[in-house]
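Note that the protein sequences, when read in sequence, are chains A and B. Residues in the first sequence are numbered from 0 upward in steps of one, following numbering that gives the first Met the number 0. Residues in the second sequence are numbered from 0 upward in steps of one, following numbering that gives the first Met the number 0. Encoded as structure tokens, the structure appears first; notes follow it.
Protein chains: 2
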Amino acid sequence: MEQTTTEEKSKDRSGWNTVYIGRQKPVMNYVLATLTCLNNSPNVILKARGAAISLAVDVAQITMHRFVQGVKVSNVKIDTEQMQSEEGGTRNVSTIEIELTTAGEPEAQA
Amino acid sequence: MEQTTTEEKSKDRSGWNTVYIGRQKPVMNYVLATLTCLNNSPNVILKARGAAISLAVDVAQITMHRFVQGVKVSNVKIDTEQMQSEEGGTRNVSTIEIELTTAGEPEAQA
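The structure is reproduced here in structure tokens:
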């Protein structure tokens, strides 16, 4: 409810919806954000880094198996990001991007 | 050193090497197991579930960026597994499988 702005979801330049997954909120909040995005777009990217990576996989699996039929994982990318550490140096953090696609949407039937 | 048997690495029926990643050991142990597998096989699968998923991504990234040149992620699969919980019921756990391949091996050049 409060502060669901750029933190939780935002629209990419490319028109894709992106859900940034952190560890501050319950998993279901992110599932809800993902479902909202899937309502507006046939594609959603879930992004997470560090320890939130496993949460992102949970969000994808819960969305696919419990809420929306016909959603599938179209792509999974893993990468490394350089982050500024508090002591001044940089440290590497792993990242994940999970693309969900509503394949075979009713569009075709209409 | 102790007990690096089926727990840490094993050979699949298909001949692929698999490294199971947990949270009991330091990340570098799993990186070492991955490097050992890559010495014997051009393909390695890193498997993890639950909170160890983010560790598996770390292991893949550290292996690729710090130790072996020319290794790349050929596939990432995410899935759900049913686990028996201690109270008797079942619960769902997310899993990940990261395939690493030593692409561009001398094979192609020979």
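From the three backbone atoms N, C-alpha and C, an ideal C-beta is built for every residue, glycine too. As the structure is a prediction and not an experimental result, all values here were calculated from the model.
- Just measuring C-alpha positions, the residue of A:Thr62, A:Leu31, A:Glu98, A:Gln83 sitting nearest B:Lys76 is A:Glu98.
- Ranked by Cα distance from A:Lys71, the options A:Arg22, A:Leu45, A:Pro25, A:Leu54 are led by A:Leu45.
- DSSP places B:Gln23 in no alpha helix (DSSP H); its state is neither H nor E.
- The CB of A:Gly21 never comes closer than 8 angstroms to any CB in chain B; the least such distance is about 13 angstroms.
- Bounds of the beta strand (DSSP E) holding A:Gln83 are 70-83.
- The shortest CA-to-CA distance from A:Lys24 to any of A:Gly87, A:Leu54, A:Val43 is the one to A:Leu54.
- Taking the Cβ atoms as the reference, B:Arg48 lies roughly 4 angstroms from B:Thr94, within the contact range of under 8 angstroms.
- Apart from the 5 residues on each side of it in sequence, B:Gln81 sits with its Cβ closer than 7 angstroms to the Cβ of Thr89, Asn91 in its chain, given in chain order.
- At the C-beta level, B:Asp57 and B:Val26 come within 9 angstroms of one another.
- Assignment of A:Val92 by DSSP, reduced to helix, strand and coil, places it in the strand class.
- A distance of 9 angstroms or more separates the beta carbons of B:Asp78 and A:Gln68.
- DSSP, read as helix, strand or coil, puts B:Val58 in helix.
- Here the alpha carbons of A:Asn38 and B:Asn39 stand approximately 47 angstroms from one another.
- At a beta-carbon threshold of 8 angstroms, the residues of chain B lying near A:Gln60 are Ile77, Asp78, Thr79, Asn91, Ser93, ordered along the chain.
- In the DSSP assignment, B:Val43 forms a beta bridge with B:Asn16, B:Leu99.
- Distance from the CA of A:Thr33 to the CA of A:His64, rounded to the nearest whole angstrom, comes to 13 angstroms.
- Taking the CA atoms as reference points, B:Asn16 sits about 16 angstroms from B:Asn28.
- At a C-beta separation below 7 angstroms, B:Ser53 has these neighbours in chain A: Gly49, Ala50, Ile52, Ser53, Ser93.
- Under the Cβ criterion of 9 angstroms, B:Ile44 is not counted among the residues facing chain A.
- Listed along the chain, the chain A residues whose CB falls inside 7 angstroms of the CB of B:Val72 are Ile77.
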